[in-house]
Every structure is written in structure tokens, then in C-alpha cells.
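Quick notes on the structure that follows.
There are 2 protein chains.
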Amino acid sequence: MCTDRYRTRYRGSVEPGRARPAGRPRAFDADAALDAAVRVFWAQGYEGASLDDLTAAMGITRTSLYRAFGNKEQLFGRVLARYTETAAAYALRAVGRPTAREVAREFLDGAVQATTDPSSPAGCLGVQGALAVGSAGTAARGVLASWREAGAALLRDRFERSLQDGDLPAGTDPALLARHLMTVANGVAVQAATGVGESELRVVVDMTLSSWPPSPRG
Amino acid sequence: MCTDRYRTRYRGSVEPGRARPAGRPRAFDADAALDAAVRVFWAQGYEGASLDDLTAAMGITRTSLYRAFGNKEQLFGRVLARYTETAAAYALRAVGRPTAREVAREFLDGAVQATTDPSSPAGCLGVQGALAVGSAGTAARGVLASWREAGAALLRDRFERSLQDGDLPAGTDPALLARHLMTVANGVAVQAATGVGESELRVVVDMTLSSWPPSPRG
DNA sequence: TCCGTTGTGCACCGATCGGTACCGAACCCA
DNA sequence: TGGGTTCGGTACCGATCGGTGCACAACGGA
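Here the protein sequences line up with chains A and B, keeping their order. Quick note: the first sequence uses my numbering, first residue 1, plus one each step. Quick note: the second sequence uses my numbering, first residue 219, plus one each step.
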């Protein structure tokens with residue numbers, strides 16, 4: 001049964017000139033399945049993405065997944081490669097720019113666009129691939145997001161007071177200043193978790209503070 | 219058996235004037251056990267920290283943990299509160315400073331120190347509480363760390379070329395420029411995952427680029 | 001028509017997860 | 001010395017995890 005469906009899907013995913021390999025043809029589009037796996041890992045992280053989640057999103061069975069992609073870890077490798085050449089392509093685009101300043105602009109703009117695109121999971125697979133959690137940890141995830149927001153609110157309230165005291169130039173947005181600091185601090189946390197040491201991060205922070213408060217227009 | 223040990227530990231953790239509660243006294247120091255739990259969650263994240271990991275580090279049994287702290291989620295709440303008033307105390311210290319600039323300096327300096335202290339797990343519990351993974355995900359974790367490092371290397375190589383071309387001022391450190399951009403980009407990813415939208419992050423990026431390349435001394 | 005090869009689907013594996021029932025031990029009070 | 005109460009340790013629960021064995025289906029080639 002289902003021969004027609006198999007035929008159609010298979011022929012649709014193979015260029016006309018290629019010789020068909022031996023054995024029963026695959027009943028699904030491997031590239032489409034991989035794209036579906038990207039979204040699952042992106043949204044739920046490595047451990048948070050169960051095989052049931054993956055197979056459901058990819059529309060294939062456990063056995064087909066293992067035959068086509070090896071195991072979960074190897075699938076994640078394929079997913080990361082695919083992510084790099086699609087959603088994270090802005091990095092390669094950026095380093096192709098003619099000046100260092102344009103590189104920086106393109107890199108950060110691309111990061112914002114990729115991590116906030118409503119048609120994709122929020123954030124970056126490379127950061128939260130091991131950050132997101134499964135269903136058991138969604139509660140803790142929410143608690144931590146609130147915790148970080150509380151930190152931003154703490155800074156914002158403080159800067160509002162600075163604004164009233166004339167400690168900050170009029171027209172400054174306290175919420176944006178707070179968000180800027182939180183962004184750098186969270187980035188520092190990710191760098192530290194990656195293994196970057198204190199001395200190097202100290203210089204990064206010095207760079208950030210070399211012109212502070214920053215003006216919102218570059 | 220073990221009566222002496224129980225007596226000693228119990229009396230040591232209760233102020234002398236307090237009436238001892240009814241029933242068998244606790245055989246462990248709840249505060250010390252909580253501190254141990256902080257380190258486990260900090261290093262391994264919420265889901266990555268199994269009850270076996272926690273009980274082993276805290277030196278108590280499963281039953282004692284549930285009786286003293288409720289369940290895993292409630293224990294995590296206690297852990298987060300404890301973390302806030304110890305390792306993350308720099309945030310409250312920062313907002314107590316007299317000027318906005320000193321607030322920013324203290325906040326970022328404190329973040330660096332807390333996340334890179336060799337006597338504690340690397341990173342920030344608030345960020346990687348849902349970032350770190352258990353034993354099953356350590357491989358993926360390493361892959362992702364390498365992936366982020368590859369991104370930093372990509373930028374660094376590009377800026378080295380800029381330096382040779384005279385596109386960047388002599389004396390600039392390409393590695394530090396790359397690290398600075400990666401830090402902001404990773405921070406953006408965390409913000410986006412927390413729910414911050416594109417427009418707000420765009421302004422944050424504009425702030426970063428308003429003076430770029432930054433000088434290493436603020 | 002038969003064979004070799006590859007994909008599919010079902011049922012199942014051992015391991016580990018968070019959480020708990022149960023009972024004896026250790027305390028206070030009467 | 002005997003209840004009341006809380007804590008500690010063992011042994012266990014159902015659910016879920018990643019991964020697999022096996023029989024059958026669908027193809028190319030002989």
C-alpha cells in the first residue's frame with residue numbers, strides 16, 4: 001500500500017538525472033524532516049527534545065529516524081550544521097563586509113533578527129541548545145526568565161531615579177539603559193559558561209563602559 | 219546509634235535561646251545542604267540536576283530532602299533565593315551606588331567576578347539554570363561551546379585582516395573586539411529567549427555600535 | 001520469479017527519572 | 001515508662017527516557 005505516495009515523495013526529492021539507489025525508497029523528505037528537527041531542538045534544547053517530540057514533528061517513526069540520521073546525538077550534529085547555514089548565516093555574511101565597522105553592524109543586526117524572528121523559535125540554537133528544557137522544566141524556565149526580568153527592573157528603577165536627579169542626561173530611556181546592561185551581563189554569563197576567563201571578560205566590560213551611557217543612535 | 223552525632227550537629231545549627239521543636243531533630247544542617255544544592259543546580263541546571271546528584275552533594279537521603287524542602291521545584295525556589303542573596307548580591311550592591319555610571323560599573327564588574335570565580339561553577343545560575351544539562355547532554359554541551367568559539371574565531375580572523383589593512387587603529391586587539399561582539403550577541407540571544415522583542419533589542423545594539431570599536435579603557 | 005538491499009512499523013528493552021509508602025529511630029512531654 | 005511527633009533509610013512506584021529486534025514492504029537487478 002501507499003505506493004503512489006512513496007513514489008511521489010521520493011521522486012520529488014531527488015534530482016532527475018540521479019540513479020535511484022537500491023532498496024526501498026524513503027517515504028519522507030530528509031531535508032524537510034531535518035528542518036523540522038531544527039525547530040524542535042531550537043525551541044526545546046538538546047535534552048528537552050525527546051525522540052517522541054522529534055518524530056512527531058518530523059512526521060516519521062523512531063526506526064526511520066535512526067536509520068536516516070544515526071542517533072539523537074548525530075541528528076543534533078546535522079541539525080547544528082543546517083542551522084549554521086540557514087538561520088545563523090548572518091555570521092558568514094557579516095565577515096564578508098568591507099570594513100570592521102560594517103562587520104560589527106551586520107553581525108549584531110543579524111543576531112537580533114535571527115533570535116527575534118516570529119516565524120522561528122526565540123533565541124539562538126547555539127546558546128539555548130543546552131538552555132531550553134523539556135516539559136518537566138518549563139516551570140523552572142519561567143521562574144528564571146522572571147528572575148532575569150526582575151534584575152532588569154531593578155536597574156531600570158535605579159536609572160529612573162538617576163534621571164530625576166539629573167545624574168543622567170534628559171531624554172535618556174532608563175529601560176533601555178537597563179536592558180543594555182542586562183544584555184552585556186547575560187552575554188558575560190554565556191561566555192563564562194563557555195570557558196572564557198575573568199581577565200578577558202574584564203576587558204570586554206571595560207570596552208562596554210568606555211562610553212557609557214551610550215547614545216541610542218550609532 | 220549515632221546519637222552523639224545527631225546531638226552535636228543539631229545543637230550547632232540552632233541558636234541557644236530557641237525552644238527545640240517536637241520530634242526527632244534533624245541530622246543535617248539545612249543551610250549547608252541548601253548551599254550544596256545551589257552548586258549542583260548552578261553547575262548542572264534544573265533538569266540536569268537529578269535527585270541522586272542533589273542528595274549525594276547535600277549528604278542526605280531522598281526522604282530527608284522531601285521532608286525538609288518539599289519537592290525538587292520548591293527546592294529550586296529556595297536555591298534561587300539563596301543564590302540571589304549570595305553570589306548575585308552584586309546586583310543589589312550596584313544599585314546602591316551614588317551615580318548611574320558607578321551602578322553600571324559595579325553591576326558588570328560583579329557579573330564578571332561572580333560568573334568566573336574559580337571556587338564556584340562557571341556562569342550564572344539565572345542564565346544557565348535552564349542552560350546546563352545532565353550527563354546525557356554533556357556531549358551536546360561541548361559541541362555548542364565549540365560552535366560559539368568558532369563564531370568568535372571567525373570574527374577574530376576577520377578583524378586581524380582589518381588590522382593589517384589599516385581598517386582598525388593600530389594597537390587594537392582583534393580577539394578582544396571579537397569577544398566583545400560575541401558577548402553582546404549572546405546576551406541578545408538570552409534576552410530574546412526571555413521574551414524581549416526585536417525593536418528593543420535593536421536599540422540595544424545601536425547603543426553598542428554608537429561607539430565602535432571601543433577602547434579597552436573606560 | 002527469486003534475491004539482495006533498504007525503509008517502515010510495532011512492540012519491546014534496560015536505565016533513569018521524580019516521588020512516595022512504610023517502618024523503625026530519636027526526640028519532647030506527661 | 002508510655003504516647004505524640006518528626007526524621008531517616010529502604011525499597012518501591014508509574015512514567016519516561018534513548019535505543020533496538022524483528023517481521024514485513026518496496027525497490028533494483030539477475
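Ideal Cβ placement from N, Cα and C applies to all residues, glycine included.
Residue contact check for A:N186 against chain B: a CB pair falls below 8 Å. Residue environment for A:E198: exposed (fewer than 16 other C-beta atoms within 10 angstroms of its C-beta). Using a Cβ-Cβ cut-off of 9 Å, B:Q262 is close to nothing in chain A; its nearest Cβ partner there is about 11 Å away. Contact between B:W260 and B:S338 holds: CB atoms are separated by about 7 Å, below the 8 Å threshold. Secondary structure remark: continuous alpha helix (DSSP H) runs of at least 4 residues inside the stretch 34-114 of chain A, in chain order: 51-58, 62-69, 72-84, 89-95. Taking a C-beta distance under 8 Å as the contact criterion, B:E367 and A:T194 qualify as a contact pair. Taking B:W430 as reference, the option from B:A286, B:C342, B:D385, B:L372 with the minimal CA-CA separation is B:D385. CA-to-CA, the gap between B:A329 and A:A30 works out to about 44 Å. The residue from B:A306, B:R242, B:A312, B:G341 with its alpha-carbon nearest to that of A:A178 is B:A312. Interface criterion not met: the Cβ of B:T304 is under 8 Å from no Cβ in chain A. Around the beta carbon of B:G341, a 10 Å sphere encloses 16 or more other beta carbons of the protein chains shown; the residue is thus reported as buried. Among the CB atoms of chain B, none fall inside 8 Å of the CB of A:D53. Assignment of A:R202 by DSSP, reduced to helix, strand and coil, places it in the helix class. Judged by their CB atoms, A:A189 and B:Q262 are not nearer to each other than the 8 Å cut-off. For A:A91, the chain B residues whose C-beta falls within less than 7 Å of its own C-beta are G369, L372, listed in chain order. Taking a 10 Å sphere around the C-beta of A:A22, we find fewer than 16 other C-beta atoms and assign the residue as exposed.
Secondary structure note for B:P392: its alpha helix (DSSP H) is the uninterrupted segment 392-412.
If you draw a 10 Å sphere on the C-beta of B:P392, you find 16 or more other C-beta atoms in it, and that means buried.
B:L343: member of the alpha helix (DSSP H) spanning 343-346, first to last residue. Distance from the CA of B:A250 to the CA of B:I278, rounded to the nearest whole angstrom, comes to 11 Å. Taking 8 Å as the cut-off, the beta carbon of B:V297 is found no closer than this to the beta carbon of B:A332. The Cβ neighbour count for B:A306, taken over all protein chains shown within 10 Å, is at least 16; the residue is labelled buried. The Cβ neighbour count for A:N186, taken over all protein chains shown within 10 Å, is at least 16; the residue is labelled buried. Interface with chain A (8 Å Cβ-Cβ cutoff): B:V256 is excluded. Around B:D327, the same chain offers Y308 as residues with beta carbons nearer than 8 Å, after the five sequence neighbours per side are excluded.
With respect to the C-alpha of B:L419, the residue from A:V184, A:S210, A:V204 having the closest C-alpha is A:V184.
Residues are counted here when their Cβ sits less than 8 Å from a Cβ of chain A; for the stretch 410-434 of chain B these are A410, A411, T412, G413, V414, G415, E416, E418, L419, R420, V421, V422, V423, D424, M425, T426, L427, S428, S429, W430, P431, P432, S433, P434, given in chain order. In this structure, the beta-carbon distance from B:L372 to B:R300 does not fall below 8 Å. Here A:Q164 is exposed: its Cβ has fewer than 16 other Cβ atoms, across all protein chains shown, within 10 Å. Proximity of chain B to A:S162 at the Cβ level (cut-off 8 Å) is accounted for by T317, A318, V321, in chain order. Taking the CA atoms as reference points, B:A322 sits about 29 Å from B:F294. When DSSP states are grouped into helix, strand and coil, B:G369 belongs to the helix group. Take the alpha-carbon of B:Q409 and the one of A:M182: they are about 8 Å apart. In the assembly as shown, B:T281 is an exposed residue. Its beta-carbon has fewer than 16 other beta-carbons within 10 Å.
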